[in-house]
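Student: First residue of the sequence shown? That's 890 in our numbering, and the numbers climb one at a time after it.
Here a beta-carbon is modelled for each residue, glycine too, at the ideal position from N, C-alpha and C.
Take this structure first; my questions come after.
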Amino acid sequence: MQILHFRAAGVSVIIECPSDALPAILHWGPDLGVLDDESLAHLAAELRPRPDMTVDVPVRTPLVPEARTGWMGMPGLSGHHQGQNWSPAFTSVTYRQTGQTLTATARDEHARLTLTIIIELDHSGLLRARADLRNQHELPYTLDTLNLAFPVPGTPTELLDQAGRWAKERIPQRRPLTVGTHLRENRRGRTGADAATVLLAGTSDLGFQRGEAWGLHVGFSGNHRHYAERTSTGRTMLGGGELLLPGEIILPTGETYRTPWLYATYGRGLDQAARRFHDHLRARPSHPSSPRPIVLNTWEAVYFDHDLDRLLDLADRAARVGVERFVLDDGWFTGRRDDRSGLGDWYVDPDVWPDGLHPLVNRVRELGMQFGLWLEPEMINPDSGLARAHPGWILQTGDRLPPPARHQQVLDLSNPDAYSFIKERLLALISEYDLDFIKWDHNRDLVDAGSTIRVGRASVHAQTHAVYRLLDEIRAKHPRLEIESCSGGGGRVDLGILQRTDRVWASDCIDPAERRQIMRWTGQLLPLELIGSHIGADRSHTTGRRHDLPFRAATAFFGHYGIEWNLTTLADGELDDLAAWLALHKQHRHLLHTGALVRIDDCPENVQAHGVVAADATEAIYEIAMLDRPSTWPPGRVRLPGLDPSTVYSVRPLMPVTAHGAAPAWMDGGFALPGSALAVSGIAVPPLFPDESVLVHVIATSRT
Ligand code: GLA
890 MQILHFRAAG VSVIIECPSD ALPAILHWGP DLGVLDDESL AHLAAELRPR PDMTVDVPVR
950 TPLVPEARTG WMGMPGLSGH HQGQNWSPAF TSVTYRQTGQ TLTATARDEH ARLTLTIIIE
1010 LDHSGLLRAR ADLRNQHELP YTLDTLNLAF PVPGTPTELL DQAGRWAKER IPQRRPLTVG
1070 THLRENRRGR TGADAATVLL AGTSDLGFQR GEAWGLHVGF SGNHRHYAER TSTGRTMLGG
1130 GELLLPGEII LPTGETYRTP WLYATYGRGL DQAARRFHDH LRARPSHPSS PRPIVLNTWE
1190 AVYFDHDLDR LLDLADRAAR VGVERFVLDD GWFTGRRDDR SGLGDWYVDP DVWPDGLHPL
1250 VNRVRELGMQ FGLWLEPEMI NPDSGLARAH PGWILQTGDR LPPPARHQQV LDLSNPDAYS
1310 FIKERLLALI SEYDLDFIKW DHNRDLVDAG STIRVGRASV HAQTHAVYRL LDEIRAKHPR
1370 LEIESCSGGG GRVDLGILQR TDRVWASDCI DPAERRQIMR WTGQLLPLEL IGSHIGADRS
1430 HTTGRRHDLP FRAATAFFGH YGIEWNLTTL ADGELDDLAA WLALHKQHRH LLHTGALVRI
1490 DDCPENVQAH GVVAADATEA IYEIAMLDRP STWPPGRVRL PGLDPSTVYS VRPLMPVTAH
1550 GAAPAWMDGG FALPGSALAV SGIAVPPLFP DESVLVHVIA TSRT
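Below, the structure written as structure tokens:
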């Protein structure tokens, strides 16, 4: 039997490839070094499961686990031909290997099903897999589930994933990993503000820089599941896939279902696990490579109050402070004076914009900025011309309309007429205004999402793929256009949507005290250049808290920078302060958007720190923030990980900050230390008030 050993960036994956059974991962984790065939065979024999007092033969855990082998955990494939063939047996398998990509084609001769599994290890050490299931039986195959599962070696003891809600996304949650299943199912028809995002199993000492973690991400924007399973025989599996609604996929003869990509990351610490995703994304040809333009988004500045003179004033001031992309948010299309009506009527409202958007767009362009527009293409208000003309275009089932959410319903994009209408509208707007950017929103969950053209059958799968197709078609026609994935803030953050978008709006909460947590954990999946982060008004619109500009600006600094603030209310001095922050960001965005994210462990009480280290470790920027008053004073020290141990670095504040007490030496004229000392001894946290932070600039001066 063939045994493959893939290696990349400190990760080894050993895959057993029998000709009479599905491929199984025997090891996924730290690099095992070069292994010759003999060593590999010995190791594989050692890693193979042994009889575990259930059935008399060892129970394997292939990527699609099969119950017929005696596996008592979550099966990979569940489905049937009208009640028959409910327990699959893929017993004839062929393999094709190209580099570190393996394709296994497996047949269940009796059920006449073909399962094709692709598994690949990329240069970053990120493992990913997906499967195609083809029905060749004369009966239709009802597919209930197709999960892929990755065995985790050893005995991790902790689980870490994410929860969240609107305006408070990606809250980490940690719990012991015990026998049983930790199941995160999503039926929202979108990724969800409460998505698991990355489900990690880790060692008890797991931190950003330490311990070990194995993580899974299902790259899909519709219903999906992540699970972690510990069996009574001591196996640990991380699995997941699309969550299919009853009867959603019934494969006629000759038809194929494809799972989303599942991404599996291993890291010595959470940062390394995150970095594999970042490196993978950064290597894509479609990854944004131009400097991320600083955005002004009009939403929290004017909401639905679209007044041309005010918006022109806003554009002038935006350009004055250094904004590079002006984005007109919700409120510009027919009948959209508030959130109760208009979605679907994607024509510029002549009552508000008698000359179209041209006067604004022209001014924005004259000022040297790009122009972007908010759209919510998948949605429809019952109070719209579109809904009145085409009531059957609303996703629904059982002769009833789903309950409204934000007064809206979902447009059935699996309906070719609705799809063509929306595509035509989008292309017309992109062309008329030569749009540089679309903020593509999606503000409600899918409830009772049946399609009238499929007699009410569940349609989340079809809807999700129709949205993907729409995005793909638009991008193919307008390759320069950038698209932001927004879903009531950060409700659609996943690698499926990110194959066809250029950034996410991480949250509708811009309050820096909360936003910094959201950014920190969005970073478990995405690099900073893909995470939209704006400076809002001094008083947060979502929490009512007040913060000074430096804290708001320093928090947003670590992302795709922007402003969401009514600049027309600012005095000249305030505009100058803001301009200084934007200029500083422009100076350093290359580092921030190409370097390695480090989140720092063991900070003193109520201190939070993170940073970005340049790919060649010649420079870094860290932020040290005081979140609340600590119970001891002075506040202690923060380590600066990620630097080259044998390089000497100068350390100084990036922006002047007033310390409330004796400033540490590094703030008072700066100092120099080797990376080895900075990683271990760190630097003193300056005496700061709560909700203040300091940016630390670290530059290589010489090698020791
Ligand atoms: C959602 C988005 C906001 C804004 C509004 C407009 O809530 O998350 O940023 O675009 O819609 O209605």
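#1: Can you check whether the CB of Asp1194 is closer than 8 Å to the CB of Arg1488?
#2: Taking 8 Å as the threshold (C-beta atoms), are Ile1513 and Val1587 in contact?
#3: How many angstroms separate the CA atom of Leu911 from the CA atom of Ser981?
#4: Assuming Tyr1236 is part of the alpha helix (DSSP H), what are its boundary residues?
#5: What is the DSSP secondary structure of Asn974, reduced to helix, strand or coil?
#6: Taking 7 Å as the line, does the beta carbon of Asn974 fall inside it for any heavy atom of the ligand GLA?
#7: Looking only at C-alpha atoms, which of Gly1096, Asp1238 and Met1515 sits nearest to Ala1163?
#8: Give me the Cα-Cα distance between Thr1341 and Ala1307, rounded to the nearest whole angstrom.
#9: Expressed to the nearest angstrom, what Euclidean distance is found between the alpha-carbon atoms of Ala1204 and Glu1313?
#10: Do Asn1112 and Arg1076 have their CB atoms nearer than 8 Å?
#11: Does the Cβ of Arg1428 have 16 or more other Cβ atoms within 10 Å, making it buried, or fewer, making it exposed?
#12: Is the number of C-beta pairs between the stretch 1529 to 1547 and the stretch 1562 to 1573 that are closer than 8 Å three or more?
#13: Do three or more CB pairs link the stretch 1450 to 1459 to the stretch 1412 to 1430 at distances below 8 Å?
#14: What's the gap between the Cα of Ala1596 and the Cα of Asp1325?
#15: Measuring CB atoms only, is the stretch 999 to 1008 touching the stretch 941 to 961, in the sense that at least three cross pairs come out at less than 8 Å?
#16: Does the beta-carbon of Asp1465, which I'm using as the reference point, lie nearer than 7 Å to any heavy atom of the ligand GLA?
#17: Whole angstroms is fine: what's the gap from Gly899's alpha carbon to Asp920's?
#18: Just the Cα atoms here: how many angstroms apart are Leu1049 and Gly1281?
#19: Express the C-alpha separation of Val1336 and Ile1283 in angstroms, rounding to a whole number.
#20: What whole-angstrom Cβ distance do His969 and Trp975 have, given they're in contact under 8 Å?
#21: Taking Gln973 as the reference, which of Arg985, Arg1001 and Thr958 has the closest Cα?
#22: Whole beta strand (DSSP E) runs in the stretch 1484 to 1527 with 3 or more residues, listed along the chain?
#23: With DSSP as the reference, identify every bridge partner of Trp1555, one or two as the case may be.
#24: According to DSSP, simplified to helix, strand and coil, what is Phe1310?
#25: Quick one: does the C-beta of Asn1332 sit closer than 7 Å to a heavy atom of the ligand GLA?
#26: Judging by CA-CA distance, which residue of Asp1244, Val1216 and Pro1576 is the nearest neighbour of Gln1259?
#27: Is it the case that the CB of Gly1377 approaches a heavy atom of the ligand GLA more closely than 7 Å?
#28: Just to confirm the assignment, what range does the alpha helix (DSSP H) spanning Ser928 have?
#29: In its own chain, which residues sit with a C-beta less than 6 Å from the C-beta of Asp1301, not counting the 5 before and 5 after it?
#30: What is the rounded straight-line gap between the Cα of Trp1470 and the Cα of Leu1315?
#31: Quick check on the DSSP output: the alpha helix (DSSP H) that includes Phe1109 runs from which residue to which?
Tutor: On the basis of the supplied data:
#1: As a first step, residue 1488 must be located in the sequence shown, where it is residue number 599. As a first step, residue 1194 must be located in the sequence shown, where it is residue number 305. No, these two residues do not count as a Cβ contact at 8 Å.
#2: The sequence position of residue 1587 within the sequence shown is 698, counting from 1. The sequence position of residue 1513 within the sequence shown is 624, counting from 1. No, these two residues do not count as a Cβ contact at 8 Å.
#3: The residue you call residue 911 lines up with position 22 of the sequence shown. The residue you call residue 981 lines up with position 92 of the sequence shown. Cα to Cα, the separation comes out at about 8 Å.
#4: For the purposes of this step, residue 1236 is taken as the residue at position 347 of the sequence shown. Where Tyr1236 is concerned, there is no enclosing alpha helix (DSSP H), given that its DSSP letter is neither H nor E.
#5: Taking the sequence shown and counting its residues from 1, the one referred to as residue 974 is at position 85. Here Asn974 sits in coil by DSSP.
#6: Along the sequence shown, one-based indexing puts residue 974 at 85. Incorrect: Asn974 has no Cβ contact closer than 7 Å to the ligand GLA.
#7: To locate residue 1163, count along the sequence shown from 1; it is residue 274. Among Gly1096, Asp1238 and Met1515, the Cα nearest to that of Ala1163 is on Gly1096.
#8: Indexing the sequence shown from 1 puts residue 1341 at position 452. Indexing the sequence shown from 1 puts residue 1307 at position 418. Roughly 12 Å separates the two Cα atoms.
#9: On the sequence shown, position 315 is the one that residue 1204 refers to. On the sequence shown, position 424 is the one that residue 1313 refers to. Approximately 29 Å, taken between the alpha carbons.
#10: As a working note, residue 1112 is residue 223 in the sequence shown. As a working note, residue 1076 is residue 187 in the sequence shown. Taking 8 Å as the Cβ cut-off, Asn1112 and Arg1076 qualify as a contacting pair.
#11: Here the question's residue 1428 lines up with position 539 in the sequence shown. With fewer than 16 other Cβ atoms within 10 Å, it is exposed.
#12: yes
#13: yes
#14: Lying outside 890 to 1593, the shown extent of the chain, residue 1596 is not represented and no answer is given.
#15: yes
#16: Numbered from its first residue, the sequence shown carries residue 1465 at position 576. Asp1465: no, Cβ never under 7 Å from the ligand GLA.
#17: Taking the sequence shown and counting its residues from 1, one reaches residue 899 at position 10. Taking the sequence shown and counting its residues from 1, one reaches residue 920 at position 31. Approximately 5 Å between the Cα atoms of the pair.
#18: For this step, residue 1049 is matched to residue 160 along the sequence shown. For this step, residue 1281 is matched to residue 392 along the sequence shown. Leu1049 and Gly1281: Cα-Cα distance of roughly 43 Å.
#19: The residue given as residue 1283 occupies position 394 in the sequence shown. The residue given as residue 1336 occupies position 447 in the sequence shown. Their backbone Cα atoms lie some 11 Å apart in a straight line.
#20: Residue mapping note: residue 969 aligns to position 80 of the sequence shown, counting from 1. Residue mapping note: residue 975 aligns to position 86 of the sequence shown, counting from 1. Right, the Cβ-Cβ distance comes to about 4 Å (below 8 Å), so this counts as a contact.
#21: In the sequence shown, counting from the first residue as 1, residue 973 sits at position 84. Of the candidates Arg985, Arg1001 and Thr958, the one whose C-alpha sits nearest the C-alpha of Gln973 is Arg1001.
#22: 1485 to 1488, 1496 to 1502 and 1508 to 1515
#23: Position 666 of the sequence shown, counted from the start, is the residue given in the question as residue 1555. Answer is none; Trp1555 lacks a bridge partner.
#24: In the sequence shown, the residue the question calls residue 1310 occupies position 421. Looking at Phe1310 - three-state DSSP - the assignment turns out to be helix.
#25: Numbered from 1 along the sequence shown, position 443 holds the residue referred to as residue 1332. Yes; taking the cut-off as 7 Å, the Cβ of Asn1332 has a heavy atom of the ligand GLA nearer than that.
#26: In the sequence shown, counting from the first residue as 1, residue 1259 sits at position 370. It is Val1216.
#27: The count along the sequence shown starts at 1 and reaches residue 1377 at position 488. Correct: Gly1377 has its Cβ closer than 7 Å to the ligand GLA.
#28: Residue numbering aside, residue 928 sits at position 39 when the sequence shown is read from its first letter. Looking at the DSSP string, the run of the alpha helix (DSSP H) that includes Ser928 is Asp926 to Leu936.
#29: Taking the first residue of the sequence shown as position 1, residue 1301 is located at position 412. So the list reads Trp1282, Leu1284, Ala1307 and Ser1340, once near-sequence residues are dropped.
#30: Translated into the one-based positions of the sequence shown, residue 1470 becomes position 581. Translated into the one-based positions of the sequence shown, residue 1315 becomes position 426. So the two alpha carbons sit approximately 35 Å from each other.
#31: On the sequence shown, residue 1109 is found 220 positions in, with the first residue counted as 1. Segment: none, Phe1109 is in no alpha helix (DSSP H) and carries neither H nor E.
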